[in-house]
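In UniProt numbering, the protein residues as written are 1 to 174.
All C-beta atoms, glycine included, are put in the ideal place defined by N, C-alpha and C.
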């Protein structure tokens, strides 16, 4: 039961990280429109545009994966009378993958946001500083990303072994 609750928590953390990434993107665009360099808004510079585009692309990928996982879980829950917690155990890999992906995406996004803000991005007067600092814990919460990677590898190896055993049994029966 505890591990299945952890699966929910990992997916929930992924969605929280995605929300924070969107916030950091918004703050970066806003700052880029307000700040001028050589009488030109920062958002007019190609390098800043590229940074913002890459931030959006990375966030879109993490969000798409998280929504896909949530949709598959929702579908599985509604198709079965099986206990919810038992059903959640089938999605441990997906939840762990989303936790790792979204937390590392957030780390990238807030780092780029600080870069766009320049020296101001490191000052507490700017919200992006707090996002940068707070993002770090998401790679530790709900199992460190390193532990989640090991969990994914072990679970995948176990699934492969089970498939191989099933194939051997099928071959013997035929």
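For residue 106, the closest of 167, 130, 7, 153 by C-alpha to C-alpha distance is 130.
For the stretch 51-125, the continuous alpha helix (DSSP H) assignments of 4+ residues that do not extend past its boundaries occur at 84-88, 92-117, in sequence order. Out of 57, 139, 88, the CA that lies nearest to the CA of residue 71 is found in 88.
Comparing alpha carbon positions, the residue from 20, 32, 11 closest to residue 120 is 32. In this structure residue 36 is exposed. Its beta-carbon is surrounded by fewer than 16 other beta-carbon atoms within 10 angstroms. Counting C-beta atoms within 10 angstroms of its own C-beta, residue 91 has 16 or more neighbours from the protein chains shown and is therefore classed as buried.
Nearest in C-alpha terms to residue 62, of all of 162, 18, 6, 113, is 18.
Counting other Cβ atoms within 10 Å of its Cβ, residue 51 reaches 16 or more and is therefore classed as buried.
In the three-state DSSP reduction, residue 144 falls in the coil class, being neither helix nor strand.
Distance from residue 113 to residue 27 at the Cβ level is roughly 6 Å; contact confirmed, criterion being Cβ atoms closer than 8 Å. Residue environment: residue 101 is assigned as buried (16 or more neighbouring CB atoms within 10 Å of its CB, all protein chains considered). Residue state for residue 37 is assigned as strand, using DSSP reduced to three classes. With fewer than 16 other CB atoms across the displayed protein chains lying within 10 angstroms of its CB, residue 47 is exposed.
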